[in-house]
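First to last, the sequence lines map onto chains A and B. Just so you know, the first sequence maps onto residues 15 to 126 in the working numbering. Just so you know, the second sequence maps onto residues 770 to 1178 in the working numbering.
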Amino acid sequence: MNLLDNTINGIHILTIDAPQLDYAAADDFKLGVANRVHQGADRLILDMTQVNFMDSSGLGAVVACMKLVGDPKRLPLCNVAPPVLTLLKLTRMDQVFLVYPTVQAAVEALQP
Amino acid sequence: MNGRTSLLLVDDSPEIRLLLGHMLRTWGYEVLVAGGGYEAWDMIGREQPRIVIADWIMPDLDGLGLCKKIRDSVHPGYIYTILLTGRNDQESLIQGMNAGADDFIIKPVNLEGYNELKARLRAGERIIQLWQALQEQNRRQVELSDRLAIAHERLRRELETAGRMQRRLLPPGGSRVHGVSFEWLFIPSACVSGDMLSFFGIDENHAGFYCIDVAGHGIAASMLSASLNQLLTPEMDGRSPIKRRLPTEPYYAITPPVEVMAELNRKFQIDTQNFQYFTMVYALVNSPLRTLEISNAGMPYPIYLPRNDSAYFLGDGGFPVGIIEQARYESIKIQYGTGDRLFICSDGISECTNPGNEMFGSERILNFLNGTHAMSLSETLKELENVIKKWNGGGDFEDDVSILGIQFP
């Protein structure tokens, strides 16, 4: 599991560089996000462009990260592929996470 | 072991044995002597010296023959051999090496000769030490891998036992509760599963059933699923949320599915230490009223198959149990008809991939069920099992697979 870092207007963009956020990738992902948070990233945009599948372990990992930053508003998701969105809807988590179509839209929403 | 390297000196000349033997002792070796090849061979078998220095030319068995015998046999340690020769030509060197000698030296006659022998012996000792270190390392590796194999085998047996115990928690398939038929399919990905399902009568009019899928799989998931199985009973033990004691008539209350979900959600909130949550379907059947009240906490949509109509997905989903503290749950109530069926599948089926990495998907389950009106409930599950196993391409499943099939009277 590789996470790519980028910063736009002081906002940390984290791109999940893996096609699947699943049982095998969940722990690495959680650890990666935790490292960024401990290094001071208090607002993270999760760019899920590459992720075309997420299972319940992957969802659990994203929720764990959300709990870590303390507020779903500080961890918006963007570029969410349809299968991932299906899982978010099934579990109603689309009502908890802020989901944006693009990184740009998420950045704008995070601007004060 | 006294720390001194044992050395066998073989020469047919008593003078050499005396002179060279004395020198070798002063260098710190424990010296054995033999006057000929066969005598030496006997001593090697008995004493297992680390180094053999042998004269090339001897009357019975010569140095070359002795080297060959040493190399052709098995010894507990490496025996380093040095041939003593009067000759110093390339041909005899090759001959000696081919016979298995490690080194060669012209019989020492002066101080330079002795110094050379001493240096060569030290080089030989280094090789012996290297060999011993390697032996020791190998021995430890073998021991370690043996211990690992034993530990692995023990763990596997324990897991298998745990798997059998977990399976015994499942109610018998083919059961009827208030006329409602239940069949299930349960395939753990490892020996134990994070999936759990059950059904039971709650009073003479009500039956309940649930399916649970703990996120992840393996031991940790199976422990939570087993403890949920123990908790979720229709016994009024004060812990189970399914049925509560009341002080007045009828002295009990059946908890509506949404409240069961809400209570479990409060009880099983994740924290930073424990990040196990689960998805679940819980439903109540009222047999006199012929209604089904069902709440879904993030399991794949249950599939309803009317007796004379097409299958469809039931409900809208809901929050998994344990991840959102303030989660509100919903339920839907439907009127069932005779012969209608309901299927609740864990995501191990929809997310099961074929060798081409394509997922089975919920639509495929729905389409399959649409062709099963003529089959019995148990035939349907058996056939679905075949289809899934074929899709999976044989071998173990990546995730736990469980299906609960229900047929209404």
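All residues carry an ideal CB built from backbone N, CA and C; glycine is no exception.
In terms of Cα proximity to B/Val-983, the closest of A/Thr-29, A/Ala-123, A/Gly-74 and A/Ile-27 is A/Gly-74. The C-beta distance from A/Lys-103 to B/Gly-932 rounds to 34 Å, too long to fall under 8 Å, and the pair is not in contact. Residue-level contact check: B/Thr-1048 touches chain A, since one or more beta carbons of chain A fall below 8 Å from its beta carbon.
In the structure shown, the three-state DSSP call for B/Cys-836 is helix. The DSSP assignment places 1116–1119 as complete runs of the alpha helix (DSSP H) inside the segment 1065–1134 of chain B, in order along the chain (cut-off: 4 residues). The beta carbon of A/Lys-44 is closer than 6 Å to those of Ala-75 and Ala-78 in its chain, skipping five residues each way along the sequence. With the rule of 3 Cβ pairs closer than 8 Å, the segment 774–790 of chain B does not count as touching the segment 53–70 of chain A.
Around the beta carbon of B/His-986, 16 or more other beta carbons sit within 10 angstroms, so the residue counts as buried. As computed with DSSP, B/Lys-1012 is found in a beta bridge with B/Ile-1023. Only exposed fits B/Met-934, as fewer than 16 other CB atoms lie within 10 angstroms of its CB. In chain order, Gln-1104 and Tyr-1105 place their CB closer than 7 Å to the CB of B/Arg-1059, counting only its own chain and leaving out the 5 sequence neighbours on each side. At least one CB of chain A lies nearer than 8 Å to the CB of B/Ala-984.
Looking at the backbone, the Cα of A/Met-80 and that of B/Leu-1000 are separated by about 29 Å. In this structure, A/Met-62 places its C-beta atom within 8 Å of the C-beta atom of A/Ala-95. In this structure, B/Leu-928 keeps its C-beta atom at 8 Å or more from the C-beta atom of B/Ala-888. The beta-carbon of B/Phe-1037 is placed no less than 8 Å from the nearest beta-carbon of chain A. Contact of B/Pro-1069 with chain A is assigned, a C-beta pair being separated by under 8 Å.
For B/Ala-995, the number of other beta carbons within 10 angstroms of its own is at least 16, and it is reported as buried.
Chain B has no Cβ within less than 8 Å of the Cβ of A/Gly-46. In the three-state reduction of the DSSP assignment, B/Glu-1028 falls in the helix class, which pools H, G and I. In the DSSP assignment, B/Ser-994 falls within the unbroken alpha helix (DSSP H) covering 988–1000. Considering only beta carbons, no part of the segment 1016–1027 of chain B lies closer than 9 Å to chain A. Within the segment 833–873 of chain B, the beta strand (DSSP E) runs of at least 3 residues that lie entirely inside it are, in chain order, 849–854. Less than 8 Å divides the Cβ of B/Gly-1174 from the Cβ of B/Phe-1112. In this chain, the alpha helix (DSSP H) harbouring B/Ile-919 covers 880–938. In the three-state scheme derived from DSSP, where H, G and I count as helix and E and B as strand, B/Trp-953 is classed as strand.
When C-alpha distances from A/Thr-116 are compared across A/Met-107, A/Pro-86, A/Ile-59 and A/Val-110, the shortest belongs to A/Ile-59. Sequence-distant Cβ neighbours of B/Asp-871 in its own chain, meaning closer than 6 Å and more than five residues away, are Tyr-849 and Thr-850. Interface flag for B/Phe-1112 against chain A is unset, since no Cβ pair is found closer than 8 Å.
With its beta carbon at least 8 Å from every one in chain B, A/Asp-42 lies outside the interface. Remark: three or more beta-carbon pairs, one from each stretch, lie closer than 8 Å, so the segment 1086–1097 of chain B and the segment 1029–1038 of chain B are flagged as touching. With a threshold of 16 other beta carbon atoms within 10 Å, B/Asn-1123 falls short and is exposed. Annotated as distal: B/Leu-1074 and B/Glu-952, with beta-carbon spacing of 8 Å or more. Distance check between B/Arg-1014 and each of B/Ala-902, B/Asp-972, B/Trp-900 and B/Thr-1041 places B/Asp-972 closest, using alpha-carbon atoms only.
Residue burial annotation: A/Tyr-37 is buried, with at least 16 other C-beta atoms found within 10 angstroms of its C-beta. Partner residues in a beta bridge of A/Val-117, as assigned by DSSP, do not exist.
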